[in-house]
Amino acid sequence: MVAYDAVVVAGGRGTRLGGVDKGKLDVGGRSLLSRALEAVVAARQTVVVGPSRPLPPEVVGTTEDPVGGGPAAALAAGLARVDADIVVALACDMPFLTNDHVTHLVEVVGDNPAADGAVLVDPAGRRQPLAAAYRTVSLRAAYDALGDPHGASMWALTNHLTLIETRADSETTLDCDTWADVVRSRDILEER
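For the sequence shown, the numbering used here begins at 164 and goes up steadily by one.
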């Protein structure tokens, strides 16, 4: 297995959820953040970017400065704390993304030296830049080209990178952005 570090983006305003901290949301008896941390359990170093909260002792917590800069700014804050050749970027709100998915993304990057990374793609063909593995040097170069990440989109950050797309089903790429998404995730887990 190729060594990697991980950055879990667990902040945001959660406006479509009434300001609820997504990381604390219970889906299937576990918080979304605990599910995300399980997905990157094989990481050498894991950094969670978001509000201050209890974390396992092996996990580092940090925030972007200033707070509220969006996912690109949050990922930049986490990227500053890692040094592996490959970094996994993961949103905390994808309860069905597993360690197997992460391992596959990391292996795709390891097997393709010309690629800047590998990214999950949903059934509609949309890239999920916070369900991806990147070459750390490539991601840092993308930040250099972007400039200030505060308020920048993940698309603006990653659009010029050579990413290998890995198709995933709608369940794997389901993110809990709304209460309907949370209910759907809970229903899926109850049916298992």
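Even for Gly, the Cβ is constructed at its ideal location relative to N, Cα and C.
From a predicted model like this one, the values you see are computed outputs, not experimental measurements.
Asked	Found
Taking only the alpha-carbon atoms, compute the straight-line gap between V300 and E201 and give it to the nearest angstrom.	25 Å
Let me know the secondary structure DSSP gives L293 once reduced to three states.	strand
What's the gap between the Cα of R349 and the Cα of C339?	10 Å
Quick one: what's S194 bridged to in DSSP?	D189
Nearest-angstrom Cα distance between K187 and R179?	15 Å
Below 8 Å, how does it come out for the segment 328-343 and the segment 311-318: are there three or more Cβ pairs, yes or no?	no
Considering only the beta carbon of each residue, do V223 and I249 sit closer than 8 Å?	no
For the beta strand (DSSP E) holding D168, just list the boundary residues, first then last.	168-172
Decide yes or no for the touch test of the segment 213-228 against the segment 258-266: beta carbon pairs closer than 8 Å, at least 3 of them.	no
A414 to P276, Cα distance in whole Å?	Residue coverage of the chain in this structure runs from 164 to 355, which leaves residue 414 outside it and unanswerable.
Compute the beta-carbon to beta-carbon distance between D279 and S333, rounded to the nearest angstrom, for a pair I have assumed lies under 8 Å.	At roughly 26 Å, the Cβ-Cβ gap does not stay under 8 Å, so D279 and S333 are not in contact.
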